[in-house]
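Some notes on the structure that comes next.
There are 2 protein chains.
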Amino acid sequence: MGDANISQHLPVYVVIMAGGAGTRFWPQSRLAKPKQFLNLWGEESILAATVRRALLLTSPERCLIMTEELYGDIVKEIVPHIPAENIICEPVNRDTAPCLGLAAMKIQERCENAIMIVLPSDHYIEDEEAFVRTLQRAANWAAHHPDLTTIGIKPSAPQTAYGYLDCGKARGKGVYEVKKFLEKPSLPLAKQFVSGGNYLWNSGIFIWQTNVLLGAMKEHLPELGALLANWQQIENKSQRDAMLQLEYVLAPKISIDYGIMEKAINVAVVPADFCWDDVGSWQALEKYLPKDEKANSLADNGRHVGIDTKHCIISVDTGLVATIGLEDMVIVRQGDILLIAPRERDQEVKKMVQKLAALGLEEYL
Amino acid sequence: MGDANISQHLPVYVVIMAGGAGTRFWPQSRLAKPKQFLNLWGEESILAATVRRALLLTSPERCLIMTEELYGDIVKEIVPHIPAENIICEPVNRDTAPCLGLAAMKIQERCENAIMIVLPSDHYIEDEEAFVRTLQRAANWAAHHPDLTTIGIKPSAPQTAYGYLDCGKARGKGVYEVKKFLEKPSLPLAKQFVSGGNYLWNSGIFIWQTNVLLGAMKEHLPELGALLANWQQIENKSQRDAMLQLEYVLAPKISIDYGIMEKAINVAVVPADFCWDDVGSWQALEKYLPKDEKANSLADNGRHVGIDTKHCIISVDTGLVATIGLEDMVIVRQGDILLIAPRERDQEVKKMVQKLAALGLEEYL
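Residue numbers (the working numbering), protein chains in the order written: chain A, 26 to 390; chain B, 26 to 390.
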């Protein structure tokens, strides 16, 4: 599809954020192989699906994948069609603001100004045509306005795990002003947002010009802005990379939401036409899994035989799981690790991983 | 200790029954490695402990282990100190009556008449001195009386998984007549037995002269008696073994309890001085396992980390089992097989194994 429809003036780059390691799918996701690299649903890994969608928006040469040293090889293996120089490993993880500053700088090494589309690497997106349509609208807007544009999702429930956008008046066809960028709310507040009607979920998908982002960083995160400006001034690329390698750790560890989006006044939102899900837990994953006649959800390759077992989520890498009299449980086996929990407590998996770390059981993280 | 104290006249042989494959400890016990070969409790396998106790009663040369072809090698490995010719593999499994008939015949190949002590191979026995004392009393009785002598256990609960002995008057010091040999009762009947005071559990431990047993077989199981008599008449040992190999399948498939003990009138019982347990399920095993501070029982080598987890029975061969919010569950992993069930349903493990067989999943049996 390329970017011909988006902007006559500016090339379109897609930046996929594939660093970081969530723990909510532990033990299927591990420190060495986080969620984005797994086939949690469907036939391809979540990252591979994200890259496939990115290539509906731009060419492989303009698709950048931001990750960490630890994951460089696995990314190359999963998306061999992306040029190796586009797989950028951050020297250390400093959260999303420095990561996207670095991405903007890497794009500007190639072209003075560009449209930069930011995609998280671990989302489920159903209607890809609608995805492209929405992104084209946002990219068009960003090409002609010095805005930080985001994609908003119509809330289907009072989720407390997402940030919200308080939306104002229309600024164009399918584009709205964002009055306020709101952090993850309490449940009463989330309920209020959902019933309010003018709130959208923050999808974590952003669209802006590299110049606009770097300008916002200078304004709202001056320390980071100064670091980026210093690096950009080094003309010799290998010197620049060496300095970056050395100094990246000095960047403030802060997310793009906290660091920029909540402070900026030039924020616009394009409501999504597509179905979106960040699939943040075993329970959330359930709806994408095949079911047996007792409403048990089965992921991965293992076999399940149940007596009087229903509404369980079962993911075993190999072998057999035999259950008697179980209901509403999550059962996950990966290698020599086994997790068993009631489905309504799947959010505590994170706590379990913390407990294992506190016990010094690194081999199981 | 030898048999000097037991009988001046008759040598003492101990026959350990180590064939058959229970399924109640599946998947830790498997078709290829049933309960008696596992270290379910303590440091030694259950068979090894049984043989150790047998050698408090007789010499290795007079200790016979009855098993099946499938288990011949594993028995040799576990008890290398028992002469190989004393490990006797039944041609096929025909239940305990033919097995003990064969054992009696094998003993009579070596000596005309002997005291034969029969020990199941999968029991837990705590006080070994008391065990020896009780067995010596029974062997002494059997040496001087043509009785089928059994060891009775004082019931601690109305168990429906055991047979009961309805005991009559004393026939000697610590020896009583058995009025009736009763099959596994219903719960109301079991309660009646326990409150009655004159009922004991049938331990499955028997003591008799080989001549007395073979006489009882001729009387109560004439078909089996005739087969045994025919084989005994063949003077050439290799011809006898060949005929046995050929004809053993013709023996009636029946237990010693059904086939002999329930019919015989010459039954005596010596109440046990020792603690006895046939440890017939995961729940029954629990009391022999170490506990953590939340009353979880831990068997085998794996590691358990729980959040809000209590009173579970956990046996994992290796690796980690992480549990959140579990109570009163049995969790067993052995190789690539995992079993999860509420503890009060552990008797249904047998049903699970039957289901797997019906599904053709032989690799998991």
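The C-beta atom is built at its ideal place from N, Cα and C for all residues, glycine as well.
Worksheet item: Do we get a CB-CB distance below 9 Å when we pair proline 367 (chain B) with the residues of chain A?
Response: Residue 367 (chain B) sits at position 342 when you count from the first residue of the second sequence. So yes, proline 367 (chain B) belongs to the interface.
Fill in: Alpha carbon of threonine 175 (chain B) to alpha carbon of isoleucine 339 (chain B), nearest angstrom
Taking the second sequence and counting its residues from 1, the one referred to as residue 175 (chain B) is at position 150. Taking the second sequence and counting its residues from 1, the one referred to as residue 339 (chain B) is at position 314. Taking the straight line from one Cα to the other gives about 35 Å.
Item to complete: State the Cα-Cα distance for the pair tyrosine 283 (chain B) and lysine 205 (chain B), rounded to the nearest angstrom.
Response: Indexing the second sequence from 1 puts residue 283 (chain B) at position 258. Indexing the second sequence from 1 puts residue 205 (chain B) at position 180. Each residue's alpha carbon lies about 12 Å from the other.
Practice prompt. Report the rounded CA-to-CA distance for lysine 60 (chain B) versus alanine 186 (chain A), giving the unit in angstroms.
Written response: Here residue 60 (chain B) refers to the residue found at position 35 when the second sequence is read from its first residue. Here residue 186 (chain A) refers to the residue found at position 161 when the first sequence is read from its first residue. Approximately 49 Å, taken between the alpha carbons.
Fill in: Element boundaries [alpha helix (DSSP H), containing serine 220 (chain B)]
For the purposes of this step, residue 220 (chain B) is identified with residue 195 of the second sequence, where counting begins at 1. Run containing serine 220 (chain B): 212–221, per the alpha helix (DSSP H) assignment.
Worksheet item: Enumerated in chain order, which unbroken segments of the alpha helix (DSSP H) with a length of 4 residues or greater are wholly contained in the stretch 300–348 of chain A?
Response: 307–310
Worksheet item: Is the stretch 348–366 of chain B touching the stretch 293–302 of chain B in the sense that three or more CB pairs, one from each, lie closer than 8 Å?
Response: no
Item to complete: Give the DSSP-derived three-state secondary structure of glutamine 53 (chain B) in the structure shown.
Response: Counting from 1 along the second sequence, the entry for residue 53 (chain B) is found at position 28. Note: glutamine 53 (chain B) maps to coil in three-state DSSP.
Fill in: Opposing strand residues paired with alanine 293 (chain A) [DSSP bridges]
Residue numbering aside, residue 293 (chain A) sits at position 268 when the first sequence is read from its first letter. For alanine 293 (chain A), which the question treats as bridged, DSSP gives the partners A:Thr174, A:Glu202.
Worksheet item: Taking Cβ positions only, does isoleucine 2 (chain A) come closer than 9 Å to chain B?
Response: Outside the shown range of chain A, which is 26 to 390, sits residue 2 (chain A), and nothing can be said about it.
Worksheet item: For alanine 168 (chain A) and chain B, any beta-carbon pair shorter than 9 Å?
Response: Counting from 1 along the first sequence, the entry for residue 168 (chain A) is found at position 143. Judged by the 9 Å Cβ criterion, alanine 168 (chain A) is not in contact with chain B.
Fill in: Proximity test, Cβ basis, 9 Å: alanine 361 (chain B) and chain A
As a working note, residue 361 (chain B) is residue 336 in the second sequence. For the sequence presented, residue 361 (chain B) should be read as aspartate rather than alanine. True, the Cβ-Cβ gap to chain A drops below 9 Å.
Practice prompt. Leaving aside the five residues before and after leucine 65 (chain B) along the sequence, list all residues of the same chain whose C-beta is less than 8 Å from its C-beta, in chain order.
Written response: Within the second sequence, numbered from 1, the residue matching residue 65 (chain B) stands at position 40. Excluding residues within five positions, the ones whose Cβ falls inside 8 Å are Phe50, Gln53, Ile71, Val304, Leu310, Tyr313, Ala324.
Item to complete: Identify every residue that forms a DSSP beta bridge with tyrosine 149 (chain A).
Response: In the first sequence, residue 149 (chain A) corresponds to position 124, counting from 1. DSSP, once it has assigned bridges, lists A:Asp302 as partnering tyrosine 149 (chain A).
Discussion item. So lysine 376 (chain A) contacts chain B; which residues on that side make the cut at Cβ distance below 7 Å?
Written reply: To locate residue 376 (chain A), count along the first sequence from 1; it is residue 351. Neighbours of lysine 376 (chain A) on chain B, chain order: Ile332.
Fill in: Interface partners of lysine 380 (chain B) on chain A, CB under 8 Å
For the purposes of this step, residue 380 (chain B) is identified with residue 355 of the second sequence, where counting begins at 1. Residues of chain A passing the Cβ test: Val330, Ile332.
Worksheet item: Using the C-alpha atoms, what's the distance from alanine 167 (chain B) back to lysine 278 (chain B)?
Response: Walking along the second sequence from the start, residue 278 (chain B) turns up at place 253. Walking along the second sequence from the start, residue 167 (chain B) turns up at place 142. About 26 Å.
Worksheet item: Which residues mark the beginning and the end of the alpha helix (DSSP H) in which threonine 121 (chain B) is found?
Response: Stepping through the second sequence from its first residue, residue 121 (chain B) is reached at position 96. From DSSP, the alpha helix (DSSP H) with threonine 121 (chain B) extends over 121–133.
Fill in: Rounded straight-line distance, which links the Cα of leucine 214 (chain A) to that of isoleucine 178 (chain A)
As a working mapping, residue 178 (chain A) is identified with position 153 in the first sequence. As a working mapping, residue 214 (chain A) is identified with position 189 in the first sequence. Whole-angstrom Cα-Cα distance: 17 Å.
Worksheet item: Going along chain B in order, which residues have a C-beta closer than 8 Å to the C-beta of glycine 47 (chain A)?
Response: Within the first sequence, residue 47 (chain A) is the residue found at index 22, counting from 1. Within 8 Å Cβ-Cβ: nothing; glycine 47 (chain A) doesn't reach chain B, min ~16 Å.
Practice prompt. May I ask you to report which of helix, strand or coil DSSP gives tyrosine 38 (chain A)?
Written response: Position 13 of the first sequence, counting from 1, holds the residue named residue 38 (chain A). Strand at tyrosine 38 (chain A).
Practice prompt. Classify serine 228 (chain B) as buried or exposed, calling it buried when 16 or more other Cβ atoms lie within 10 Å of its own Cβ.
Written response: The residue given as residue 228 (chain B) occupies position 203 in the second sequence. It counts as buried.
Item to complete: Tell me, please, whether the stretch 82–89 of chain B touches the stretch 33–43 of chain B by the rule of three or more beta-carbon pairs shorter than 8 Å.
Response: yes
Worksheet item: Should glutamate 373 (chain A) be flagged as near chain B, meaning a C-beta pair shorter than 9 Å?
Response: In the first sequence, counting from the first residue as 1, residue 373 (chain A) sits at position 348. It does: the Cβ of glutamate 373 (chain A) has a partner Cβ on chain B nearer than 9 Å.
Fill in: asparagine 138 (chain A) versus glycine 327 (chain A): straight-line alpha-carbon distance, rounded
Against the first sequence, residue 138 (chain A) aligns to sequence position 113. Against the first sequence, residue 327 (chain A) aligns to sequence position 302. One C-alpha to the other measures close to 50 Å.
Worksheet item: tyrosine 273 (chain B) by DSSP, collapsed to three states: which one?
Response: Here residue 273 (chain B) refers to the residue found at position 248 of the second sequence. Three-state result, tyrosine 273 (chain B): helix.
Worksheet item: Going along chain A, which residues have a C-beta under 9 Å from isoleucine 349 (chain B)?
Response: Your numbering for residue 349 (chain B) matches position 324 in the second sequence. Per Cβ cutoff of 9 Å: Val355, Leu364, Ile365, Ala366, Pro367, Arg370, Asp371, Glu373, Val374, Lys376, Met377.
Worksheet item: Which word fits proline 105 (chain A), buried or exposed, when buried means at least 16 other C-beta atoms lie within 10 angstroms of its C-beta?
Response: The residue labelled residue 105 (chain A) in the question sits at position 80 within the first sequence. Proline 105 (chain A) comes out exposed.
Worksheet item: Distance, Cα to Cα, methionine 26 (chain B) vs methionine 91 (chain B)?
Response: Here residue 26 (chain B) refers to the residue found at position 1 of the second sequence. Here residue 91 (chain B) refers to the residue found at position 66 of the second sequence. Interpretation of methionine 26 (chain B) is limited by its pLDDT of 42, a score under 50 that renders its predicted location unreliable; the figure taken from the coordinates is listed afterwards. Answer to the nearest angstrom: the Cα atoms are 23 Å apart.
Discussion item. Between B:Lys209, B:Gly193, B:Ser306, which has its C-alpha nearest glycine 222 (chain B)'s C-alpha?
Written reply: Taking the second sequence and counting its residues from 1, one reaches residue 222 (chain B) at position 197. Of the listed residues, the one whose Cα sits closest to glycine 222 (chain B) is B:Gly193.
Discussion item. If contacts are defined as beta-carbon pairs under 8 Å, then alanine 241 (chain B) and isoleucine 285 (chain B) qualify, I think. What distance do you get, rounded to the angstrom?
Written reply: By one-based count along the second sequence, residue 241 (chain B) stands at place 216. By one-based count along the second sequence, residue 285 (chain B) stands at place 260. Right, their Cβ atoms sit about 5 Å apart.
Discussion item. Would the stretch 264–279 of chain B count as touching the stretch 144–159 of chain B if we require 3 or more Cβ pairs under 8 Å?
Written reply: no
Item to complete: Spell out whether any CB of chain A is found under 9 Å from the CB atom of tyrosine 389 (chain B).
Response: As a first step, residue 389 (chain B) is located in the second sequence; it is residue number 364 there, counting from the start. Tyrosine 389 (chain B) counts as touching chain A.
Worksheet item: Considering only C-alpha positions, which residue in the set B:Thr343, B:Asp342, B:Thr348 is nearest to asparagine 321 (chain B)?
Response: Position 296 of the second sequence, counted from the start, is the residue given in the question as residue 321 (chain B). Minimum Cα distance to asparagine 321 (chain B) is reached at B:Thr348.
Discussion item. Give me the subset of the stretch 169–185 of chain A whose CB atoms are less than 8 Å from a CB atom of chain C, sorted by chain position.
Written reply: Note that chain C does not occur in the displayed structure, where the protein chains are A and B.
Worksheet entry | chain A residues whose Cβ lies nearer than 8 Å to that of leucine 384 (chain B) | The count along the second sequence starts at 1 and reaches residue 384 (chain B) at position 359. Going along chain A in sequence order, the residues near leucine 384 (chain B) (Cβ under 8 Å) are Val330.
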